[in-house]
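The opening residue of the sequence shown carries number 12 in our numbering; numbering runs sequentially from there.
Ideal Cβ positions, reconstructed from N, Cα and C, are used throughout, including at glycine.
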Amino acid sequence: MDLTIFGFLVQDGLTTGAVYILLAVSLVMVFTVTRIVLVPQGEFVAFATLTLAGLERGDAPGLAWLLVAAGVLAFVMDLSAARRRGSRRGIAAAAVLFLAVPAVLAAVALYGIGASTPLAAKIAVTCAMVVALGPILYRVAFQPMAAASPLYLLIAAIALHFVLVGAGLYLFGPEGVRTSPLLDGSTEVLSMPVSVQTLLILAASLGLNLALFAFFGFTLQGKALRATAVNRRGAELVGVSADYAGQLTFALAAAIGALSGVLIGPVTTIYYDSGFLLGLKGFVGAIIGGLAAYPAAAVGALLVGLLEAFSSFWASAYKEVIVFTLIVPVLLWRSLAHVAVEEDHD
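Here it is, written out as structure tokens:
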């Protein structure tokens with residue numbers, strides 16, 4: 012391996028690692044707030060890429076139908092819950108979130124986007140649909156069992172993953188896609204050619220992480236999520252709705268997934284089931300951070316990207332095995348370093 016090859020591998024590792032950082036941070040965020048290991052996080056990424064590719068081809072986006080159907084189901088569940096408690100409080104807001112917003116986005120995607128529509132508008136519609144899907148999925152799959160143990164929530168997340176993979180195969184088909192580059196051209200960094208697309212991915216990943224830092228540190232909603240992550244019951248006692256926190260967290264996770272799908276689409280072929288591997292590699296980074304520390308998760312995800320790049324050069328047939336084997340020493344080290352604490356069963 013010469014210096015040129017080394018530089019290209021580092022560039023490739025940083026590019027994929029930047030996307031894995033976004034996935035790892037979103038997994039940590041969802042787990043700390045809701046205690047849910049968001050197995051379907053990768054589906055947000057895959058659906059964004061597949062939807063954007065369909066819009067570029069002029070096809071009707073299948074995500075629009077999934078969004079409307081899931082929204083109707085979520086509204087029916089809210090309406091049924093309101094009837095059981097004998098109060099219609101919150102029904103108007105649910106109608107807007109679960110019926111009106113999906114219907115408007117689906118109409119725009121199906122009838123307002125054409126071949127001549129600018130790429131920026133297609134990206135905006137794609138991201139909006141994926142973000143709207145986040146709180147709907149939380150309402151349908153997790154909100155009814157939000158107080159359950161993390162094990163039950165994990166089982167529900169795995170079930171939701173398989174449902175979304177099946178829906179993806181039906182709506183998008185088995186073909187792989189790539190999207191158009193967001194930016195063309197290349198430049199030189201340290202006397203090495205670097206594509207502008209790569210620099211965009213790195214800048215977008217850094218920018219989004221800074222935006223999340225500002226959101227959690229300086230906004231009321233971010234502080235509410237932090238309070239829920241620290242003490243769920245205490246946050247409820249001071250007026251932070253656990254349902255609102257869960258839906259907001261899923262909306263943020265879906266936004267991160269949508270951005271990741273837009274960024275990775277031009278450099279990686281995405282299939283209907285590609286989200287699982289993408290999410291799993293982000294999960295490896297999150298595990299390195301202990302599913303609790305954002306900086307450690309980001310460093311772990313970057314390590315996964317670099318390890319994957321160099322593994323593809325030295326042993327391409329075993330690169331996935333090498334990446335996922337990284338979990339074993341990390342879990343072993345954490346199990347030895349962890350101090351057992353007796354659980355409170357009050």
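Strand pairing of residue i, partner residues [DSSP]
i, result
"Ile281", "Val188"
"Met203", "Val200"
Per-residue burial, residue i [other beta carbons within 10 Å of its own, 16 or more giving buried]
i, result
"Pro277", "buried"
"Val79", "buried"
"Tyr305", "buried"
"Val56", "buried"
"Pro378", "Only positions 12 to 357 of the chain appear in this structure, which leaves residue 378 out of reach."
"Pro161", "exposed"
"Tyr163", "exposed"
"Arg359", "Residue 359 is absent from the model: the chain starts at 12 and stops at 357."
"Val249", "exposed"
"Glu199", "exposed"
"Val334", "buried"
"Pro113", "buried"
"Pro51", "buried"
"Ser322", "buried"
"Asp89", "buried"
"Ala170", "exposed"
"Ser285", "buried"
Coarse secondary structure for residue i, derived from DSSP in three states
i, result
"Glu353", "At Glu353 the pLDDT is 46, less than 50, meaning the model places this residue with poor confidence and gives no usable figure here."
"Ile361", "This structure gives no information on residue 361, because the portion of the chain shown stretches from 12 to 357."
"Ala10", "Examination of residue 10 is not possible in this model, given that the chain is present from 12 through 357 alone."
"Gly179", "helix"
"Pro129", "coil"
"Ser160", "coil"
"Leu144", "helix"
"Ile16", "helix"
"Ile47", "coil"
"Asp23", "helix"
"Leu337", "coil"
"Leu219", "helix"
"Ile32", "helix"
"Gly69", "coil"
"Leu213", "helix"
"Leu74", "helix"
"Ile134", "helix"
"Leu193", "coil"
"Ala326", "coil"
"Leu343", "helix"
Span separating the alpha-carbon of residue i from that of residue j
i, j, result
"Gln22", "Tyr31", "14 Å"
"Phe324", "Leu314", "16 Å"
"Leu337", "Val295", "8 Å"
"Asn220", "Gly97", "43 Å"
"Leu236", "Phe153", "17 Å"
"Ala266", "Gly145", "8 Å"
"Thr190", "Ala215", "17 Å"
"Ser91", "Arg68", "40 Å"
"Thr260", "Leu14", "43 Å"
"Leu148", "Gly24", "32 Å"
"Val36", "Gly245", "24 Å"
"Thr43", "Thr209", "30 Å"
"Pro204", "Leu20", "12 Å"
"Gly196", "Leu213", "16 Å"
"Leu165", "Val174", "14 Å"
"Ala225", "Val332", "36 Å"
"Ile281", "Val251", "38 Å"
"Gly272", "Gly123", "22 Å"
Proximity test, Cβ basis, 8 Å: residue i and chain D
i, result
"Phe224", "Going by chain labels, chain D is absent from the structure shown, which holds only one protein chain."
The ligand COA heavy atom lying under 7 Å from the CB of residue i
i, result
"Trp76", "Absence of the ligand COA is noted for the structure shown, with no ligands found whatsoever."
If you scan the region 230–301 from start to end, which runs of the alpha helix (DSSP H) of 4 or more residues do you find wholly inside it? 231–241, 243–248, 253–275, 285–299, all fully within the region 230–301.
Taking only runs of the alpha helix (DSSP H) that begin and end inside the region 87–122, which ones reach a length of at least 4 residues, in chain order? Here the runs fully enclosed are 102–106, 112–122.
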